[in-house]
Amino acid sequence: MNTTTSSHHIIHTLNFIKHDILIYLPLIFIIVGIIGFIGNLFTFLQPILRLNTCCIYLLCGSLVDVTNLFVNLFHVYRTPKNENILSLITSSYVCKLKLFGLVFLPQLSINFLIVSLIDRYACTCSMTSCISQIRRLVVVPFIICITIIISGIMSLYSPMYYDFKPSFGCTCTDPFRNGILYIFIHGFITPFVMLIFVLLTYRNVLASRRRAGSKNLTKITGSKSPFLRMIFTHVFTTSFLTLQWISFYMYHIYIKDQLKTNEEITIHYFIWFISNNIYYLINVKSFYLSTLTSRSFRKTFFNSLFELLPYYQKRKKKKQLLLNPINIPSRNKSNDIAQSDF
20 MNTTTSSHHI IHTLNFIKHD ILIYLPLIFI IVGIIGFIGN LFTFLQPILR LNTCCIYLLC
80 GSLVDVTNLF VNLFHVYRTP KNENILSLIT SSYVCKLKLF GLVFLPQLSI NFLIVSLIDR
140 YACTCSMTSC ISQIRRLVVV PFIICITIII SGIMSLYSPM YYDFKPSFGC TCTDPFRNGI
200 LYIFIHGFIT PFVMLIFVLL TYRNVLASRR RAGSKNLTKI TGSKSPFLRM IFTHVFTTSF
260 LTLQWISFYM YHIYIKDQLK TNEEITIHYF IWFISNNIYY LINVKSFYLS TLTSRSFRKT
320 FFNSLFELLP YYQKRKKKKQ LLLNPINIPS RNKSNDIAQS DF
């Protein structure tokens, strides 16, 4: 009797936390993500950064982030309690489109981060190397299109293994193969590619420090460390958030058929809900990590923000008046006419 009472208490507590407290997490993530997107948009469009190819890719990734939050996370907040959004789908086309978006948008966001990392790697290579050509502004539209195409190809398996079934909604037709492909593509290939380019970039930076010698070592360290902190922090944070979700997803595939009691099922899907929501922090973190780890990003953001304040605008006008010579109007009428005509 005590065991049964304890089990009911655990189930009731976890359901209350999930449906009455944690249900607001998606809404919080969306609000914070919108603020971060506005911050990225405001900063990356400043004259000092708008022509930087890495910033263009990061801005594209930020746009995909906020889109993913609205398309794939907002429905979690809007869906009624104890309802699965996939079970409410009544069309095979909508089912496949929903699953494609569920996989495509997060992967596209990560791929734009990988492209920005490759761009920073190209920045550390010699100007004569072929990879340095991707930093040309003319190439940027092609890189963006290629990134979208690759992300789409990496996500094609998802609609292949999901379809609509009457009275069941949108369900997976082959859970094993779908799970293996999901784990392999998003849990191994993506973090592995990021790790490779992080190591290559770090190797080039160390080589440039050795070539510079001891005299310029401090200067090089100061100029490279903000770049290293920002890009490495983005990559490592994304890898951590991805791997925590992939690890639980692997555990889910292994254990889901062995769950028997209501307590086990409730605990398992409670952890699933938390892990899945934590995964969406990938789409929230960009602006805040950049502000914390990059001095140039932080300086550009705050300087541009301060320039919008009335006090700084008045100060700017005073500086312009001091720098520009004061034109004294001429008393000659003909000169006045000539100047007005000009």
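Residues in the sequence shown are numbered consecutively from 20, following my numbering.
Backbone N, C-alpha and C define an ideal beta-carbon position, used for all residues, glycine too.
- Ranked by how close their Cα comes to the Cα of F321, the residues I30, I53 and G58 have G58 in first place.
- P125 sits buried, since 16 or more C-beta atoms from the chains shown fall within 10 Å of its C-beta.
- Straight-line measurement puts the Cα of K184 at about 45 Å from the Cα of D138.
- DSSP places T190 in the strand class (E or B) of the three-state scheme.
- Contact between I199 and Y268 is absent: CB atoms are separated by about 11 Å, not below the 8 Å threshold.
- Annotation for I274: H287 place their beta carbon closer than 8 Å to its own, counting only its chain and skipping 5 residues before and after.
- Under the DSSP assignment, Y181 falls in the beta strand (DSSP E) whose first and last residues are Y181 to K184.
- H253 counts as buried, since no fewer than 16 other beta carbons sit within 10 angstroms of its beta carbon.
- CA-CA distance, S135 to L46, rounds to 28 Å.
- CA-to-CA, the gap between Q277 and R248 works out to about 44 Å.
- Taking F289 as reference, the option from T23, T24, T166 and H31 with the minimal CA-CA separation is H31.
- Nearest to N296 by alpha-carbon distance, out of T24, F35, I36 and L41, is L41.
- Here R230 is exposed: its Cβ has fewer than 16 other Cβ atoms, across all protein chains shown, within 10 Å.
- DSSP places F321 in the uninterrupted alpha helix (DSSP H) bounded by R314 to E326.
- With a threshold of 16 other beta carbon atoms within 10 Å, N130 meets it and is buried.
- Using a Cβ-Cβ distance cut-off of 8 Å, the segment 212–232 and the segment 149–161 are not in contact, since fewer than three pairs of beta carbons, one from each stretch, lie closer than that value.
- Between L105 and G188, the CB-CB gap stays under 8 Å.
- With three or more CB-CB distances shorter than 8 Å, the segment 52–66 counts as touching the segment 291–307.
- Sequence-distant partners of L118 (beyond 5 residues in either direction) whose C-beta falls short of 6 Å from its own C-beta, in its chain, are S177, P178 and Y181.
- DSSP places K117 within a helical segment (H, G or I) once states are collapsed to three.
- Apart from sequence neighbours up to five positions away, the residues of its chain that approach M173 with a beta-carbon distance below 7 Å are Q126 and I204, ordered along the chain.
- Boundaries for P66: no alpha helix (DSSP H) harbours it, and the DSSP string shows neither H nor E there.
- Each residue's CA atom was taken as its position, placing I165 and F123 some 14 Å apart.
- If you look at T72, you'll find it in the alpha helix (DSSP H) that goes T72 to N87.
- Within the same chain, P210 and M213 come within 7 Å of S258 by CB-CB distance, once the 5 residues on both sides are set aside.
- In this structure I67 is not in contact with T310, their Cβ atoms being roughly 16 Å apart against a cut-off of 8 Å.
- The closest CA to that of V158, considering only T23, F316, C73 and W291, is found on C73.
- With respect to F63, L78 sits close: the two C-beta atoms are nearer than 8 Å.
- Per the coordinates, the alpha-carbon of V113 lies some 16 Å from the alpha-carbon of T192.
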